[in-house]
Amino acid sequence: MPKSQTHFQGGVDGFSLPRQKMTLPLALVALISAFGSSFQYGYNVSVINSPAPYMQDFYNRTYLDRTGVPMDRGFQTLLWSLTVSMFPLGGLFGSLLVWPMVNNCGRKGTLLINNLFSIAAAILMGTSELAKTFEVIILSRVLMGIFAGLASNVVPMFLGEMSPKNLRGAVGVVPQLFITIGILAAQILGLHRILGNAQGWPVLLGLTGIPSLIQLLTLPFFPESPRYLLIQKGTEEQARRALQRLRGQQDVDEEIQEMYQEDRSEKEEGQFSVLSLFTFRGLRWQLISIIVMMAGQQLSGVNGVFYYADRIFESAGVHSSSIQYVTVSIGAINVVMTLLAVFIVESLGRRILLLAGFVLCSASCAVLTLALNLQSTVSWMSYLSIVCVIAYIIGHAIGPSPIPAVMITEMFLQSSRPAAFMVGGSVHWLSNFTVGLLFLYMEAGLGPYSFLIFCAICVATVLYIFFIVPETKNKTFMEINRIMAKRNKVEVQESKELKDSYPLSRQEEKKWLSSSEM
26 MPKSQTHFQG GVDGFSLPRQ KMTLPLALVA LISAFGSSFQ YGYNVSVINS PAPYMQDFYN
86 RTYLDRTGVP MDRGFQTLLW SLTVSMFPLG GLFGSLLVWP MVNNCGRKGT LLINNLFSIA
146 AAILMGTSEL AKTFEVIILS RVLMGIFAGL ASNVVPMFLG EMSPKNLRGA VGVVPQLFIT
206 IGILAAQILG LHRILGNAQG WPVLLGLTGI PSLIQLLTLP FFPESPRYLL IQKGTEEQAR
266 RALQRLRGQQ DVDEEIQEMY QEDRSEKEEG QFSVLSLFTF RGLRWQLISI IVMMAGQQLS
326 GVNGVFYYAD RIFESAGVHS SSIQYVTVSI GAINVVMTLL AVFIVESLGR RILLLAGFVL
386 CSASCAVLTL ALNLQSTVSW MSYLSIVCVI AYIIGHAIGP SPIPAVMITE MFLQSSRPAA
446 FMVGGSVHWL SNFTVGLLFL YMEAGLGPYS FLIFCAICVA TVLYIFFIVP ETKNKTFMEI
506 NRIMAKRNKV EVQESKELKD SYPLSRQEEK KWLSSSEM
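Here the sequence shown is numbered in this note's numbering, starting from 26 and rising by one per residue.
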């Protein structure tokens with residue numbers, strides 16, 4: 026069983042890592058990994074929305090050619106439900122692969138292997154009409170879900186471990202930025218005039234393989250996570266070379282030294298499994314926090330708002346032929362606000378963005394419930410509904426969407442981080458699947474009052490974050506865990522000033538490290 030985590034405090038008693046500038050190699054590795062992985066998550070969330078009628082017609086024609094009778098309406102509904110729901114279900118399977126793959130294959134290695142799922146799915150979907158088989162589309166949605174489940178966890182982990190502490194938040198939001206760009210790209214390419222038509226939908230689905238191919242060809246030229254190389258592989262020279270390249274300077278001794286501090290703690294703890302993560306007192310509040318934040322992210326109603334958006338705009342007088350363009354506009358707002366989060370997360374902090382985002386979402390849901398109920402009697406309420414939708418998208422984009430994955434990276438050390446991402450990712454995809462499964466029933470039974478449930482979830486998440494979750498900006502992983510140690514009631518003894526030489530001997534190590542559970 027892992028022992029309680031022991032850490033060194035930065036600042037006065039320890040040392041303070043210098044502020045680093047963004048370098049070209051770090052920017053490129055962030056862009057390549059986010060474009061090759063995160064972009065496709067967003068793309069495949071949205072890609073089947075526009076061509077849905079043409080794909081369902083293909084299902085029916087294929088069945089008719091095979092059997093000589095038209096497809097039963099109930100069976101067609103079942104097949105389409107499977108097409109939609111297999112993506113989040115695959116995402117759950119992908120999340121369960123995170124812990125074994127990142128520990129055995131590395132962060133970069135996992136991303137490279139993951140591309141094979143996407144490329145295989147793209148080929149199958151792109152040729153499905155030619156092969157006259159709709160089954161491969163459903164199979165491909167599972168494969169793309171597995172790809173997205175891995176990507177949504179591994180990319181934030183990979184970039185978080187490569188980034189200096191003063192850039193970790195901004196770089197950590199980049200994956201979510203590319204998810205929103207992927208959604209927008211699918212909305213634009215899915216317009217009826219482009220590929221969202223009877224002839225273009227196989228190409229629209231098959232395009233998802235191109236970012237993976239680019240990543241597969243370019244990512245090998247960039248370094249693996251330095252923390253993985255030093256702490257888990259024990260190869261200091263490789264870690265040093267990786268850091269020197271990422272930081273654009275030869276002197277990386279302070280970061281190497283900080284990693285050795287973590288490494289000594291890791292040796293005491295061993296690698297965490299998911300089971301030991303749930304039973305370990307020293308990480309109790311970190312674990313509860315990521316579960317609350319990831320569940321709050323998906324259960325806050327973002328899918329419900331997008332589902333309602335089309336009819337809200339239609340009720341406000343937007344012509345049905347123009348709804349697609351309005352949807353693209355919402356996607357553009359999502360991208361712009363997430364881009365804003367990249368630039369403000371290091372100045373305002375993670376906690377403020379989470380609180381502000383969830384408060385705005387809860388207020389939007391409450392007012393939207395009122396507006397939807399009154400729009401048949403008060404003419405201007407339909408326009409208030411549009412304002413609520415836009416306000417909700419803005420709120421979710423600046424905090425609930427991008428920040429939870431950043432917090433998982435920051436609240437856990439190397440030994441527990443893979444298991445934490447596995448738990449957080451599983452909660453994310455289970456919550457996503459649950460909302461997709463239940464929202465239609467909620468909407469049928471409660472109508473606009475469905476949003477009051479989402480409002481209550483947002484309020485509960487705000488209260489938890491306000492009282493429990495600390496600010497983590499510009500802090501080392503050690504400093505953040507020291508803050509959480511107090512909440513976990515784990516006593517951590519102050520360390521003396523570090524010596525210049527490392528690693529320390531076992532006798533010195535015993536003097537510098539000690540901790541016990543109260």
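Glycine included, each C-beta is placed from N, C-alpha and C at the ideal position.
Just so it is clear, the structure is predicted and the values come from calculations on it, not from any experiment.
Selection V277, V448, R44 and N74 evaluated against H217 yields N74 as nearest (Cα-Cα).
Counting of Cβ neighbours within 10 angstroms places A147 among the buried residues, the total reaching 16 or more. For Y350, the enclosing alpha helix (DSSP H) begins and ends at I348 to L373. Distance from G329 to S475 at the Cβ level is roughly 6 Å; contact confirmed, criterion being Cβ atoms closer than 8 Å. Collapsing the DSSP output to three states places V515 in a strand. One alpha carbon belongs to L380, the other to N506, and they sit about 21 Å apart. Under the DSSP assignment, N328 falls in the alpha helix (DSSP H) whose first and last residues are V327 to S340. In this structure, the straight-line span from the alpha carbon of E160 to that of T501 is close to 48 Å. In this chain, the alpha helix (DSSP H) harbouring M406 covers M406 to I423. Spatial neighbours of M150 in its own chain (CB-CB distance under 8 Å, excluding positions within 5 residues in sequence) are listed in chain order as V161, I162, S165, P227, L230, G231 and T233. Here K46 carries a coil assignment [DSSP, helix/strand/coil]. The stretch 197-205 makes contact with the stretch 54-71; the number of CB pairs closer than 8 Å reaches 3 or more.
With respect to the 8 Å criterion, I281 and R265 are classified as neighbours on the basis of their beta carbons. Along the length of the stretch 433-479, whole alpha helix (DSSP H) runs at least 4 residues long occupy 442-471, reported in chain order.
Non-local C-beta neighbours of S153 in its own chain, meaning closer than 7 Å and more than five positions away in sequence, comprise F159, V161, I162 and P227, ordered along the chain. Contact check between the stretch 75-84 and the stretch 406-423: fewer than three CB pairs, one atom from each, fall below 8 Å, which does not count as touching. Classified as buried, Y253 has 16 or more neighbouring CB atoms from the shown chains inside 10 Å of its CB. Between Y466 and G472, the alpha-carbon positions lie close to 9 Å from each other. The beta carbon of A173 is closer than 6 Å to those of Y66 and G116 in its chain, skipping five residues each way along the sequence.
Here the C-alpha atom of L192 lies approximately 33 Å from the C-alpha atom of V412.
Between the stretch 438-447 and the stretch 114-134 there are three or more C-beta pairs closer than 8 Å, enough to call the two in contact. Take the alpha-carbon of I219 and the one of A210: they are about 12 Å apart.
By the neighbour-count criterion, in which a residue is buried when 16 or more other Cβ atoms sit within 10 angstroms of its Cβ, H421 is buried. Of the residues assessed, T92 falls on the exposed side of the cut-off, its CB having fewer than 16 other CB atoms within 10 angstroms.
C-alpha of N499 to C-alpha of A396: approximately 41 Å in a straight line.
Per DSSP, reduced to three states, the secondary structure at N74 is coil, with no helix or strand assignment. Taking C-alpha positions only, V327 is separated from Y79 by approximately 26 Å. Leaving aside the five residues that flank T87 on each side, the residues in its chain whose CB is nearer than 6 Å to its CB run, in chain order, K157 and F159. Approximately 26 Å separates the beta-carbon atoms of R376 and S250; this is outside 8 Å, ruling out the contact.
It is roughly 12 Å from the alpha-carbon of S410 to the alpha-carbon of A388. Along the stretch 113-150, the alpha helix (DSSP H) occurs as fully enclosed runs of 4 or more residues at 123-130, listed in sequence order. With a 10 Å radius around the Cβ and a threshold of 16 neighbouring Cβ atoms, Y350 comes out exposed. Nearest Cα to I235 within the set L155, A145, E186 and L271: A145.
Assignment of alpha helix (DSSP H) within the stretch 144-228, counting only whole runs of 4 or more residues, yields 153-156, 160-187 and 193-214 in chain order.
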